[in-house]
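Taking the numbering used here, the leading residue of the sequence shown gets 1452, the next gets one more, and so forth.
To start, the structure under review is shown below, and the notes come after it.
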Amino acid sequence: MPPFGESLLAVALLLLAVVTLLERRLVRACIGFVLFALTVALAWARLGLVWLALLELVLGAVLTGAFLFHALEVSLQARPRGGRRYDPEPLACRPALACLLPAAAVPTLIGVALVAQEVSLLDALRPAGLGLLGAGLWAFSLHRHLLRRLLAFNVIGTGIFLLLMSLAGDGARAAAHGLVISGLLVALLGTALGALLIRRLEDLEPPGAAASAHGDGAP
């Protein structure tokens, strides 16, 4: 059984991911993701993976968070305009349940395949990685808002990184580090391009179109 501290971090990761993926108010969702990335960095540091913790702090929390807020046109001097504040589509039970089964199937099958793996200190990452992978896939298939899909994309990536490190033996730890670092860079690039695309699409909207489309659904 994983140590209590690592298990607590795994639970915190899952809770923060769920809050981030379910929050319709987009600024709060982005704040939730930054807290999520900081918790991931703390998990890496507690497991002795200091370089990964530093990279997660810089690439995940700081730079990815900055691009997400850029997509919302949020800065220290400005707040997002009306259409960028929230996702007007409420969570509907039927689509949510329809997306749940295929999203849960992937981590379930992976988990069954990994049952026979040896237990190590990094084994605490495995259930967290499976949970993040399933939650991210579910949110990505459910949400239509581009920023919420971008958040789900990053949660999926984190789940994959946690699974990868939990499977790496002592002899393959350096190779796994390299793969995770490459994945973090790819995720950052994807987030940057996605944020720029969202800003461009928002800027191309006619004046008042976002407000009229979203004005009746503000929470």
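All residues carry an ideal CB built from backbone N, CA and C; glycine is no exception.
These numbers were taken from a predicted model, which means no experiment stands behind them.
- CA-CA distance, Val-1485 to Val-1525, rounds to 14 Å.
- Counting C-beta pairs with one atom in each stretch, the region 1535-1548 and the region 1469-1485 have three or more that are closer than 8 Å, which means they touch.
- In the three-state DSSP reduction, Arg-1577 falls in the helix class (H, G or I).
- The beta carbon of Trp-1495 sits closer than 8 Å to those of Val-1501, Leu-1503, Ala-1504, Glu-1507, all from its chain and outside the five residues before and after it, given in chain order.
- Taken through DSSP and simplified to helix, strand or coil, Arg-1497 comes out as helix.
- A residue is called buried when at least 16 other Cβ atoms come within 10 angstroms of its Cβ; Arg-1599 meets this threshold and is buried.
- In the DSSP assignment, Arg-1651 falls within the unbroken alpha helix (DSSP H) covering 1624-1655.
- Rounded to the nearest whole angstrom, the C-alpha separation of Leu-1560 and Leu-1581 is 10 Å.
- In the structure shown, the three-state DSSP call for Arg-1476 is strand.
- The C-beta distance from Leu-1630 to Leu-1615 rounds to 6 Å, short enough to fall under 8 Å.
- At the C-beta level, His-1594 and Ala-1586 stay beyond 8 Å of one another.
- Annotated as distal: Leu-1635 and Gly-1610, with beta-carbon spacing of 8 Å or more.
- Between the beta-carbon of Leu-1639 and that of Leu-1467 there is about 19 Å, and that puts the pair past the 8 Å contact cut.
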